[in-house]
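Taking it in order: structure first as structure tokens, then the write-up.
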Amino acid sequence: MRAEEVEKRIQQSPKHAFDKLALHNGDLIFQTSQSSQSQAIQLATHSKYSHCGILYYLGGEWRVFEAVQPVSETSLAKWVARGKGSEFVVKRLRDAETVLTPPVLRRLYAAGEQYRGKNYDLYFGWSDERIYCSELLWKMYKTATGREIGQLQTLREFDLSHPTVQAKLRERYGKNIPLDEKVISPVRMLESAELVTVR
101 MRAEEVEKRI QQSPKHAFDK LALHNGDLIF QTSQSSQSQA IQLATHSKYS
151 HCGILYYLGG EWRVFEAVQP VSETSLAKWV ARGKGSEFVV KRLRDAETVL
201 TPPVLRRLYA AGEQYRGKNY DLYFGWSDER IYCSELLWKM YKTATGREIG
251 QLQTLREFDL SHPTVQAKLR ERYGKNIPLD EKVISPVRML ESAELVTVR
């Protein structure tokens with residue numbers, strides 16, 4: 101996609117949008133998913149936030165680009181309604197005003213587009229063949245800005261003691277749990293010092 105086409109797609113953010121929130125292109129949004137794996141993620145990470153996406157103002161509305169099945173975008177209103185209690189948190193790069201210039205926003209958008217249509221990664225692997233929600237955002241920002249938003253962990257560093265977590269691990273991996281696989285969780289991104297809270 102040419103730069104001018106991306107410029108048309110990523111439109112100028114309005115000062116106030118979606119319930120008078122001053123959102124910006126590239127903001128990250130977090131929620132408690134109601135998917136079948138959400139409880140296991142919450143228990144393993146000790147956080148209620150189990151899903152995340154990235155915001156863009158496209159076609160006259162705020163949209164969330166996310167790794168679901170497949171990687172795609174949805175309207176912000178629908179995305180929020182899909183989460184538990186319609187609750188969400190919005191985070192922004194702490195120095196977004198100086199870092200997220202139009203050229204960098206184009207790179208960020210392009211970094212995401214290479215994953216559009218890819219399958220969701222149920223196994224939380226670090227390869228680019230399939231991708232999960234926080235991995236998508238982490239890799240987009242790393243590619244576009246060089247920043248690592250959130251510290252990578254290995255699977256063994258999570259709390260795997262709860263029966264719900266153990267059941268999900270057996271369901272996904274059988275006896276061959278990849279405990280040394282690199283993982284980035286939504287909460288590690290949410291709590292990153294690289295981000296500030298917008299809402």
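For the sequence shown, the numbering used here assigns the number 101 to the initial residue and increments by one for each residue that follows. Every residue, glycine too, gets a C-beta built ideally from N, C-alpha and C.
Rounded straight-line distance, which links the Cα of residue j to that of residue i
i, j, result
"D228", "S234", "13 Å"
"K184", "R216", "25 Å"
"E187", "S147", "14 Å"
"A211", "L143", "31 Å"
"P202", "G126", "11 Å"
"A117", "R270", "Legend: pLDDT at A117 = 42, less than 50; position of this residue unreliable, no value from coordinates given."
"G159", "E166", "17 Å"
"L121", "L236", "24 Å"
"S292", "R192", "10 Å"
"G274", "T264", "14 Å"
"K268", "E173", "27 Å"
"R299", "A177", "15 Å"
"Y157", "V199", "18 Å"
"Q266", "E197", "43 Å"
Residue i vs residue j beta-carbon contact at 8 Å
i, j, result
"V287", "L255", "no"
"V190", "L279", "no"
"G386", "E281", "Residue 386 falls outside the range modelled here, since the chain spans only 101 to 299, and no answer is possible."
"L295", "R206", "no"
"Y220", "Q169", "yes"
"S285", "T132", "no"
Under the three-state DSSP convention, the category residue i falls into
i, result
"L222", "coil"
"E173", "strand"
"L161", "Note that residue 161 is Glu in the sequence shown, not Leu. In this structure, E161 counts as strand in the three-state DSSP scheme."
"R256", "helix"
"G153", "strand"
"V168", "coil"
"L279", "coil"
"L205", "helix"
"L237", "helix"
Nearest-angstrom Cβ-Cβ length linking residue i and residue j, presumed shorter than 8 Å
i, j, result
"C152", "M240", "The pair is not a contact, with the Cβ atoms about 11 Å apart (cut-off 8 Å)."
DSSP beta-bridge partners of residue i
i, result
"T297", "K191"
"Q266", "According to DSSP, Q266 bridges with nothing at all."
"I141", "None, per the DSSP bridge assignment."
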